[in-house]
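In mature numbering (1 follows the signal peptide of the UniProt record, and there is no 0), the protein residues as written are -20 to -1, 1 to 780.
Just so it is clear, CB atoms sit at the ideal spot from N, CA and C, and this is done for glycine as well.
See structure below.
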């Protein structure tokens, strides 16, 4: 704890003079008002004040909503430099402060025709933006994302796969951290797979893929972070977008995202409603052969999951002055899921003679509530890139699963009636402080603190009706889990540029205090550990069109809540999926090297990576002599991953755009379970190819192919999977609206198929979570005319 205390003390020492600098009031003010060639005020232009003697930056700010500025200054000789994207740079010389305030009056700025022309050509956002430690994907340019949800959008991202149960994997690993706007969020809740399906894609701006996060980020997540950036607008006046979606299987929804800004206040509101039905099916065959027992059973399943969700967010930005902003927001999501399923078991002897048929039905309801309140204070300084951010969050989540089961055997009159209840409650409290202090020409020092407390309570029980029609609790399926997690962290980072070479290094310190308790059986696990997580990022610009990158980070993956729950999913009476409350964290050392090539008509980003893992978590399948299967996670010893990845964008013509990405990797896992050596060594790959063609004016057609190659596991293998998506979009109402038609999984081929093979046991399964989906979406953009007008230099204000 000594290192943590030193970092806290150093951070407080560093921040104290920075926060105090506003308290010292300057004696005089340099003021004026900016106008463009049309006599309109120029909003948010950069106004910088330099000393005349040695051109040292003395102060600066952005002009306000009336084009006015007022810069504090001590007596002396200065000059002003005024810059704005679409206007010529303006120098105001000989500004002499001597005993009184200075009013420079009206300052006129001329339009820059060359920049305006470039803005028209480059006005469409790039689909991918490469930064030092992340790739940013603007999801709106992919037609297959329109009308979909967050889970569908993630499945379209390079190197990201989502299986039929909604589990998200990055570069072949499900140990990935998912954030909303860079923070832990109640929108994800306790079950990320289901929660992502409840977030309308129309509310999402972009996805950040961070494969080797710097020390600024939480150490959680073996393969990195997927950061979902939600839409937010701070432009002046009333702005927004409205979307309506309809589809089959039944999929209806609508959303809006609006803001209203005037002077110092920006009001924001968003709402998304979605109703979805997800018919699915599956089948499997289990073969068991031992010295004294041999049997086979086949299973077929049909299910129809339906969900309705409502997502609300309201917030306000209060711009105290040009340096200080206070933001508050409240989000609430209410959702309800239902599931009707039918399972049929057919038992055979080993001569393939049918001996018994069993049918099991389930009717499940699952209401959920998620509440999140956040308060954010942001402070900028006269010095460029110097800023302070303080965030506090409070998150509440609850959900209740209630299921009824009926199991009957052909030829028998008696049936088995069961019911299960699973209530989950979660509380999260988070405090975070981040500070950036620039130095020299391009250097930055960064530091920050974070504390989070997470409290979860899960109560699970299964009841069965006896011959007297009374409900009796099954003792093997009755317990209550308490989970208390406290994580405190601090980090230091420094970066600088030396010509074409850029370096960023950092160290993150985390202290974890985690208590897991089974309250009805008394089993307790209390873990406290202290970890250091270094990171290093290097970048070298070979020439204007090529850049090399090299990075390293150390990370860990704490067991997920579902992996700790010792309670089974009772939907399938012959297959029990249960967690392990004694799971340990998984540690990872990650190395990556990348190369970016900018071409005249495209870009190519290629990278190689290596990850070494300790305490690898694998889901192990065991079968007893009666044929009941149990799947549970355990820690194995080691794992190594080697991979090569590339992302290509290519525009052969103005009307034709190609994107392609592939991740080719090898995974080696090894460990011992029940005195048996388990090892897998597999070569596999994933890829996505997309083509977008402008057929006529304002009409686009897109086709996409996703493919995931077979891969070996420690007990078998996962088979290949592929899917095809199509989309057609047309702008209407003079460009203010867009109509999109799309089909996802055209061939119903997105199936999860796997084989498990052990001594005396063989299993083959196939599952289609959701069948082919047709969608039609209408999107309307409010205040589009102002957006065009702003590009002509008469108004600006994307940034506050």
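**Item:** Which of helix, strand or coil DSSP assigns to residue 182
**Value:** The residue you call residue 182 lines up with position 202 of the chain shown. Reduced to three states, the DSSP call for residue 182 is helix.
- C-beta contact flag for residue 545 and residue 438 at 8 angstroms: Taking the first residue of the chain shown as 1, we reach residue 545 at position 565. Taking the first residue of the chain shown as 1, we reach residue 438 at position 458. The Cβ atoms of residue 545 and residue 438 lie closer than 8 angstroms to each other.
(Q) Determine whether the beta carbon atoms of residue 762 and residue 150 lie at a separation below 8 angstroms. (A) Sequence index remark: in the chain shown, residue 762 carries index 782 (1-based). Sequence index remark: in the chain shown, residue 150 carries index 170 (1-based). Contact flag unset, no.
How should residue 579 be labelled, buried or exposed, when 16 other C-beta atoms within 10 angstroms of its C-beta is the threshold for buried?
Translated into the one-based positions of the chain shown, residue 579 becomes position 599. Flag for residue 579 reads exposed.
Worksheet entry | Reduced DSSP category for residue 119 - H, G, I as helix; E, B as strand; rest coil | Taking the first residue of the chain shown as position 1, residue 119 is located at position 139. Three-state DSSP puts residue 119 in a helix.
Next on the checklist: Does the region 588 to 599 come into contact with the region 643 to 654, if we say contact requires no fewer than three beta-carbon pairs (one atom in each stretch) closer than 8 angstroms?
Outcome noted: By the Cβ rule, the region 588 to 599 counts as touching the region 643 to 654, because three or more pairs are nearer than 8 angstroms.
ask   = What number of angstroms, rounded off, separates the C-alpha of residue 654 from the C-alpha of residue 547?
value = Counted from its first residue, the chain shown places residue 654 at position 674. Counted from its first residue, the chain shown places residue 547 at position 567. Straight-line Cα distance between these residues: approximately 21 angstroms.
Could you give the DSSP three-state label for residue 55: helix, strand or coil?
The sequence position of residue 55 within the chain shown is 75, counting from 1. It is coil, neither helix nor strand.
Along the chain, where does the alpha helix (DSSP H) that runs through residue 135 open and close? Translated into the one-based positions of the chain shown, residue 135 becomes position 155. 130 to 135 is the span of the alpha helix (DSSP H), which, as asked, contains residue 135.
Spatially closest choice to residue 287 from 317, 352, 260, by CA coordinates: For the purposes of this step, residue 287 is taken as residue 307 along the chain shown, with counting starting at 1. Nearest of 317, 352, 260 to residue 287, Cα basis: 317.
### Task
Using the Cα positions of residue 241 and residue 452, report the straight-line distance between them to the nearest angstrom.
Along the chain shown, read from residue 1 onward, the residue named residue 241 stands at position 261. Along the chain shown, read from residue 1 onward, the residue named residue 452 stands at position 472. For residue 241 and residue 452, the distance between alpha carbons rounds to 60 angstroms.
Same chain, Cβ closer than 6 angstroms to residue 182, five either side skipped, listed in chain order
On the chain shown, position 202 is the one that residue 182 refers to. Residues of the same chain with a CB within less than 6 angstroms of the CB of residue 182, apart from the 5 flanking positions on each side, are 223, 235 in chain order.
Requested in this report: Only counting runs of 3 or more residues, tell me where the beta strand (DSSP E) segments fall wholly within the region 177 to 262, in order along the chain.
Outcome: For the region 177 to 262, whole beta strand (DSSP E) runs of length 3 or above, ordered along the chain, are 184 to 190, 205 to 210, 217 to 228, 231 to 242.
Q: Reducing DSSP to helix, strand and coil, say where residue 541 ends up.
A: As a first step, residue 541 is located in the chain shown; it is residue number 561 there, counting from the start. Here DSSP, grouped into helix, strand and coil, assigns residue 541 to helix.
Same chain, Cβ closer than 6 angstroms to residue 689, five either side skipped, listed in chain order: Here residue 689 is taken as the residue at index 709 of the chain shown, counted from 1. The beta carbon of residue 689 sits closer than 6 angstroms to the beta carbons of 664, 665, 700 from its chain, once the five residues preceding and following it are set aside; these are given in chain order.
Tell me which residues share the same chain as residue 244 and place their Cβ nearer than 8 angstroms to its Cβ, disregarding the 5 neighbours each side in the sequence.
Indexing the chain shown from 1 puts residue 244 at position 264. Counting only residues of its own chain and dropping the five nearest sequence neighbours on each side, residue 244 has a CB closer than 8 angstroms to the CB of 298, 299, 300.
>> Tell me which residue opens and which closes the beta strand (DSSP E) that residue 28 is part of.
In response: The residue you call residue 28 lines up with position 48 of the chain shown. Note, residue 28: beta strand (DSSP E), 26 to 31.
Quiz item: In this structure, what does DSSP give as the bridge partners for residue 526?
Solution: Counting from one through the chain shown, the residue named residue 526 turns up at place 546. Beta-bridge pairing links residue 526 to 523, 577.
request  = Give the secondary structure of residue 418 by DSSP, where H, G and I count as helix, E and B as strand, and everything else as coil.
outcome  = Counting from one through the chain shown, the residue named residue 418 turns up at place 438. The answer is strand: DSSP assigns residue 418 an E or B state.
| Burial state of residue 709 (16 or more Cβ within 10 Å) | The residue given as residue 709 occupies position 729 in the chain shown. So residue 709 counts as buried.
Can you list, in chain order, the residues of its chain whose CB lies under 6 angstroms from that of residue 383, leaving out five sequence neighbours each side? What you label residue 383 is simply residue 403 of the chain shown in a count that begins at 1. Here the set comprises 342, 344, 400.
### Query
By how many angstroms is the C-alpha of residue 21 removed from the C-alpha of residue 465?
The sequence position of residue 465 within the chain shown is 485, counting from 1. The sequence position of residue 21 within the chain shown is 41, counting from 1. Each residue's Cα considered, the two are about 52 angstroms apart.
- prompt: Closest by CA to residue 285, which one among 259, 503, 307, 279?
  reply: Residue mapping note: residue 285 aligns to position 305 of the chain shown, counting from 1. If we check each option's Cα against that of residue 285, 259 comes out closest.
### Task
Would you decide whether residue 10 is buried or exposed? Buried here means 16 or more other CB atoms lie within 10 Å of its CB.
Residue mapping note: residue 10 aligns to position 30 of the chain shown, counting from 1. Of the other Cβ atoms in all chains shown, 16 or more fall within 10 Å of the Cβ of residue 10; this residue is therefore buried.
- prompt: Just the Cα atoms here: how many angstroms apart are residue 804 and residue 755?
  reply: In the structure as shown, the chain begins at -20 and stops at 780. Residue 804 is therefore absent and cannot be evaluated.
- So what's residue 138 in DSSP terms, helix, strand or just coil? Position 158 of the chain shown, counted from the start, is the residue given in the question as residue 138. In this structure, DSSP gives residue 138 a state outside helix and strand, which the three-state scheme calls coil.
contact_flag[the region 548 to 556, the region 569 to 584] where n(CB pairs < 8 angstroms) is 3 or more = No, they do not touch.
Using the Cα positions of residue 676 and residue 760, report the straight-line distance between them to the nearest angstrom.
Taking the first residue of the chain shown as position 1, residue 676 is located at position 696. Taking the first residue of the chain shown as position 1, residue 760 is located at position 780. Taking the CA atoms as reference points, residue 676 sits about 21 angstroms from residue 760.
*asked:* Suppose contacts are defined by Cβ-Cβ distances below 8 angstroms. Is residue 513 in contact with residue 535 by that definition?
replied: Taking the first residue of the chain shown as position 1, residue 513 is located at position 533. Taking the first residue of the chain shown as position 1, residue 535 is located at position 555. For residue 513 and residue 535, yes; Cβs fall inside 8 angstroms.
- Opening and closing residue of the beta strand (DSSP E) in which residue 819 lies: Because the chain here runs from -20 to 780, residue 819 falls outside it and cannot be looked at.
Does DSSP classify residue 455 as helix, strand or coil? The sequence position of residue 455 within the chain shown is 475, counting from 1. Strand at residue 455.
Next item on the list: Report buried or exposed for residue 417, applying the criterion of at least 16 other Cβ atoms within 10 angstroms of its Cβ.
Entry: What you label residue 417 is simply residue 437 of the chain shown in a count that begins at 1. It counts as buried.
Measuring straight from C-alpha to C-alpha, what distance separates residue 188 and residue 483?
As a first step, residue 188 is located in the chain shown; it is residue number 208 there, counting from the start. As a first step, residue 483 is located in the chain shown; it is residue number 503 there, counting from the start. So the two alpha carbons sit approximately 21 angstroms from each other.
Task: Collapsed DSSP secondary structure at residue 73 in the structure displayed - done: Here residue 73 is taken as the residue at index 93 of the chain shown, counted from 1. If DSSP states are grouped into helix, strand and coil, residue 73 belongs with the strands.
On the CB-based measure, 16 or more other CB atoms within 10 Å of its CB, does residue 199 come out buried or exposed? On the chain shown, residue 199 is found 219 positions in, with the first residue counted as 1. With 16 or more other Cβ atoms inside 10 Å of its own Cβ, residue 199 counts as buried.
- Query: Where does the unbroken beta strand (DSSP E) through residue 679 begin, and where does it stop?
  - Reply: The residue given as residue 679 occupies position 699 in the chain shown. Per DSSP, the unbroken beta strand (DSSP E) holding residue 679 starts and ends at 679 to 688.
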